[in-house]
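Convert by adding 508 to the 1-based position in the sequence shown; the result is the number in the numbering used here.
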Amino acid sequence: MNIGFIGLGNMGAPMAANLAKAGHQLAGYDPVAPYPDGVKVAPDAAGAADGADVVVTMLPDGGTLRSVAASIIPAMKSGAVFVDCSTVDVEAARDVAAQAEASGLIALDAPVSGGVVGAEAGTLTFMVGGSDTAFKIASELFDIMGTKAVYCGPSGNGQAAKLCNNMILGATMIVTCEAFALADKLGLDRQALFDVVSTSSGSSWSMNTYCPAPGIGPESPADNDYKPGFVADLMLKDLRLAQQAAKTVGADTPLGRRARDLYAQFVEAENGSGLDFSAMLPRFERSARS
Ligand code: NAD
């Protein structure tokens with residue numbers, strides 16, 4: 509396929525590189541990031557989209573997506589597929605898909621889970637909302653960039669799935685970190701806590717796969733001085749998107765709101781910016797009950 513790829517940052521560059529390696533023709537655009545091997549340099553976003561069968565965007569936020577969409581939609585050929593893989597607000601995803609469809613394109617919101625490691629290894633999970641025809645066409649590309657693509661329904665539902673997942677992840681990581689700090693204070697060995705919880709009803713991905721305690725469980729950012737991994741700043745971004753969505757539809761999400769507030773405090777007032785999101789554990793080690 510001829511693919512336009514816009515946004516070649518930490519995630520976009522390895523995703524584009526994997527598509528090029530699989531034999532697709534890629535034209536890319538990013539105003540800052542270096543271009544990966546196999547990606548032809550386009551003069552601007554519209555240039556990357558011109559003539560493409562599929563355009564993939566991997567951008568920082570909904571505002572950037574809206575402005576990039578305004579420039580590429582008129583440049584794309586009729587019937588082409590617009591796949592946005594960024595994490596953005598549900599409203600931006602739905603508005604951009606409606607604009608694309610009004611211009612004769614088919615559109616998907618397809619945010620990802622798996623981080624930079626997953627993008628490099630081609631093991632991302634895609635959560636996909638939008639046209640089922642577009643999903644069938646883009647599945648070939650999802651299979652190259654990832655190992656799983658779940659069709660979640662109409663436009664915006666991929667973003668809805670992503671922010672629900674990350675709201676669960678943020679809250680479970682916080683409570684896992686709280687449990688380790690509580691265990692320390694109760695004189696319970698961390699390895700013993702892991703051995704119990706990872707095989708009991710308190711188990712979760714945060715405990716079993718991405719344990720926030722150094723030296724416990726499979727290797728994780730905790731074993732590397734909390735170098736990300738999944739940076740706390742992006743967890744905060746996703747928790748804010750979850751609260752924005754919850755507010756829009758009047759959903760009661762008290763733990764999601766508290767998780768957002770704790771990550772905001774951690775990132776903005778406690779030097780957590782740039783650290784992995786599991787660095788909540790040393791934060792709880794330091795803090796005392798108020
Ligand atoms: P990044 O900041 O490394 O990359 C974003 C890229 O977009 C940058 O290179 C930037 O120059 C480019 N860009 C900005 N404005 C542009 C424009 N107008 N036209 C073209 N390019 C433009 O961010 P990232 O880590 O690659 O994340 C990208 C998206 O993926 C975000 O929405 C993020 O929330 C989501 N995400 C990231 C991770 C992760 O672990 N990094 C995991 C899951 C999802």
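In this text, a Cβ means the ideal position worked out from N, Cα and C, and glycines have one as well.
Contact between the stretch 591-606 and the stretch 614-621 is present: three or more C-beta pairs spanning the two stretches fall below 8 Å. Shown here, Lys585 sits in coil according to DSSP, grouped into three states, outside any helix or strand.
Leaving aside the five residues that flank Arg574 on each side, the residues in its chain whose CB is nearer than 8 Å to its CB run, in chain order, Ala600, Asp603 and Val604. Secondary structure of Leu516 (DSSP, three-state): coil. Taking the Cβ atoms as the reference, Val705 lies roughly 5 Å from Met715, within the contact range of under 8 Å.
If you check the CB distance, His532 and Met509 come in under 8 Å.
Annotated as proximal: Ala521 and Ala541, with beta-carbon spacing under 8 Å.
Non-local C-beta neighbours of Gly512 in its own chain, meaning closer than 6 Å and more than five positions away in sequence, comprise Ala535, Ala556, Ala557, Ala560 and Val563, ordered along the chain.
For Met635, the secondary structure class from DSSP, reduced to helix, strand or coil, is strand. Ser728 carries a coil assignment under DSSP once its states are collapsed to helix, strand and coil. Contact between the stretch 772-791 and the stretch 667-687 is present: 3 or more CB-CB pairs across the two stretches fall below 8 Å. The closest heavy atom of the ligand NAD lies less than 7 Å from the beta carbon of Asp538.
Counting only runs of 3+ residues, the beta strand (DSSP E) found wholly inside the stretch 642-681 occupies 654-661, in chain order. In this structure, the CA atom of Gly517 is about 43 Å from the CA atom of Leu696.
Look at Met566: its beta carbon is less than 7 Å from one of the heavy atoms in the ligand NAD. Taking C-alpha positions only, Pro722 is separated from Leu690 by approximately 16 Å. Annotation for Ala777: the continuous alpha helix (DSSP H) segment containing it runs Pro762 to Ala777.
In the displayed model, Phe792 falls within a helix according to three-state DSSP.
Secondary structure note for Asp703: its alpha helix (DSSP H) is the uninterrupted segment Arg698 to Val705. Relative to the non-hydrogen atoms of the ligand NAD, the Cβ of Lys745 comes within a distance shorter than 7 Å of at least one. The Cβ atoms of Asp597 and Ala753 sit closer than 8 Å to each other. Restricted to the stretch 523-570, the alpha helix (DSSP H) segments that are unbroken, complete and at least 4 residues in length are 553-557, listed in chain order. Between Glu778 and Asp692 a beta carbon distance of about 19 Å is seen, past the 8 Å cut, so the two are scored as non-contacting. For the pair Ala772 and Asn674, the Cα-to-Cα distance works out to about 15 Å. In the structure shown, the three-state DSSP call for Ala615 is strand. Here Val624 is near Met519, since their CB atoms are less than 8 Å apart. Of all alpha-carbon atoms in Arg698, Leu742 and Val739, the one lying nearest the alpha-carbon of Ile724 is that of Arg698.
Under DSSP, Ile580 takes part in no beta bridge, so it has no partner. Put simply, of Ala679, Ser709, Ser579 and Ser586 the residue whose alpha carbon is nearest the alpha carbon of Leu763 is Ala679.
According to the DSSP assignment, Ser714 belongs to the alpha helix (DSSP H) that extends over Trp713 to Asn716.
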